[in-house]
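Numbering (my numbering), first residue to last: 2 to 125.
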């Protein structure tokens with residue numbers, strides 16, 4: 002068995018966490034316990050649940066933890082839209098995070114689908 006650290010989706014989600022932390026550092030301080038905290042937690046949840054999946058043994062749990070990561074990614078997507086609407090960050094900075102998040106969402110969708118179909122996902 003290989004490590005979750007070898008998964009491209011895990012590696013990209015770690016980069017996404019960094020992007021979100023850099024992005025939210027520019028948000029108004031009044032959002033420290035609001036949107037900043039929520040976005041950071043949602044971002045951290047993605048690679049954390051991918052990793053936790055590797056500590057589980059049942060097929061049902063494999064699907065569950067990829068699905069949780071996928072849900073966190075969609076939550077973060079919504080929060081980025083809110084940040085954009087509220088003009089909390091530069092458009093280019095938001096776009097960079099959105100582009101990376103879109104990649105992660107697509108990869109997680111494929112992983113959930115493959116797990117549901119019983120296909121072993123090696124490097125996606």
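Heads up, the beta-carbon is just placed ideally off N, CA and C, and yes, glycines get one too.
Quick caveat: nothing in here was measured; it's all calculated off a predicted structure.
By the Cβ rule, the stretch 40-54 counts as touching the stretch 6-14, because three or more pairs are nearer than 8 Å. Counting along the chain, no alpha helix (DSSP H) covers residue 90, and no H or E run does either. For the pair residue 113 and residue 64, the Cα-to-Cα distance works out to about 6 Å. Using a Cβ-Cβ distance cut-off of 8 Å, the stretch 103-117 and the stretch 26-34 are not in contact, since fewer than three pairs of beta carbons, one from each stretch, lie closer than that value.
Using a 10 angstroms sphere on the CB of residue 80, the tally of other CB atoms reaches 16 or more, which defines it as buried.
Using a 10 angstroms sphere on the CB of residue 103, the tally of other CB atoms stays under 16, which defines it as exposed. Shown here, residue 57 sits in coil according to DSSP, grouped into three states, outside any helix or strand.
Taken atom to atom, the span from the alpha-carbon of residue 4 to that of residue 56 is near 10 Å.
The alpha carbon of residue 42 has as its nearest neighbour, out of 60, 62, 15, 59, the alpha carbon of 15. Residue 97 carries a helical assignment under DSSP once its states are collapsed to helix, strand and coil.
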